[in-house]
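**Student:** Mind having a look at this structure? Questions to follow.
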Amino acid sequence: MYYEVLNSFLLDDEFSIKIVKADDQIKILIIFYENGVLRDHDYLVLSPLMWQCLVDGKNISERPVQKEPIILNNSLVFSVQQRPLRSLIVVLQEFRMEEDFSRHFLSPVCIFNETQWTKLYLAMNDITECVIGSLIEHFFDTLLSTVSEGGGKDKNIESKLADSMYEISCDHFKTSIKKVSDCNAHFYKRNDHDSKTLNSEKKFMFYKNLAWCSMDFQQLAREFISKNENWADYMKQFLLDTENFKNFTEKVENMCLTSSK
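In case it helps, UniProt numbering puts the sequence shown at residues 1 to 261.
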């Protein structure tokens, strides 16, 4: 698989996490090394959604103790195996559900010793931040390559385009929050709260990263272009001005929180 590395986290001499662009999609690679050399080219590849399902998985902790495997997003098995002298290993393996509802397990099997898992767990929030940043950057790069080459420049129109972008993004983000909270209420989060009893602000905090990672950015781009087709000649210059999107995720999240009160 050919890929472009966007961010890399070397967590120790034996494994790293890479955020890459491959086949015009953002992926997360878990790569292991042996004596400084790539151990196996058949490394585990996760989508942003699958990565965040792992991060937010119920009972997944710095030192997980569950005895039964956890199924994440109906495609990844997380399991813990106790070893002699009270050590443990964490195992990740993808599977495909067959027509007869049996599970066909895929290679590779990703195995972390206790020290490696702890390092990954402690880095998860930083990795998620980079994953979401990469998704947003890829979204704007794709949008920029899609719009026409019109050279129109008008501050008033660009301001309206910015308002439209944030309003549409906020709507999509709220929809994504509702979707992931409804679907994942019983499977995710390291707490015992029932999401049905949470107020909107707490639900937002629990599920915001999962919502970003499950967003349909292609649909978001299509809707933005369609709703603003009368200003198509101004889109290129609008998108080239990165000041319009400074702190993009923070602004969208604040809009959603404000509108839900």
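Here a beta-carbon is modelled for each residue, glycine too, at the ideal position from N, C-alpha and C.
Run through the segment 46–114 for me and flag every whole beta strand (DSSP E) of 3 or more residues, listed as ranges in chain order.
**Tutor:** Those beta strand (DSSP E) runs which fall completely within the segment 46–114 and span 3+ residues are 70–72, 76–82, 88–97, 103–105, 110–113.
**Student:** Can you tell me where the alpha helix (DSSP H) holding Phe217 begins and where it ends?
**Tutor:** Here the alpha helix (DSSP H) through Phe217 covers 217–227.
**Student:** Can you check whether the CB of Cys110 is closer than 8 Å to the CB of Leu44?
**Tutor:** Yes, these two residues count as a Cβ contact at 8 Å.
**Student:** How is the alpha helix (DSSP H) around Lys21 delimited, first residue to last?
**Tutor:** Unbroken run through Lys21 is the beta strand (DSSP E), 15–22; no alpha helix (DSSP H).
**Student:** Just the Cα atoms here: how many angstroms apart are Pro108 and Leu38?
**Tutor:** Distance between the alpha carbons of Pro108 and Leu38 is about 14 Å.
**Student:** Any chance the segment 148–155 sits against the segment 17–31, with 3 or more Cβ pairs inside 8 Å?
**Tutor:** Flag = no, the segment 148–155 and the segment 17–31 do not touch.
**Student:** Would you say Leu239 faces chain D, with C-beta separation under 8 Å as the test?
**Tutor:** In the structure shown, chain D does not exist; there is a single protein chain.
**Student:** Note down, in chain order, each residue of its chain lying with its Cβ closer than 7 Å to the Cβ of Ser79, except the 5 sequence neighbours on either side.
**Tutor:** Here the set comprises Pro69, Val91.
**Student:** What is the DSSP secondary structure of Val131, reduced to helix, strand or coil?
**Tutor:** Of the three classes helix, strand and coil, the one that applies to Val131 here is helix, per DSSP.
**Student:** When the Cα of Glu4 is compared with those of His138, Asp126, Trp51, Gln81, which residue comes out closest?
**Tutor:** Among His138, Asp126, Trp51, Gln81, the Cα nearest to that of Glu4 is on His138.
**Student:** For Asp12, list the residues DSSP reports as bridge partners.
**Tutor:** Bridge partners of Asp12: Phe15.
**Student:** What residues in its chain sit with their C-beta under 6 Å from that of Leu46, if we drop five residues either side in the sequence?
**Tutor:** Here the set comprises Ile28.
**Student:** List the DSSP bridge partners of Glu158.
**Tutor:** Answer is none; Glu158 lacks a bridge partner.
**Student:** For Glu149, does the three-state DSSP call read helix, strand or coil?
**Tutor:** It is coil, neither helix nor strand.
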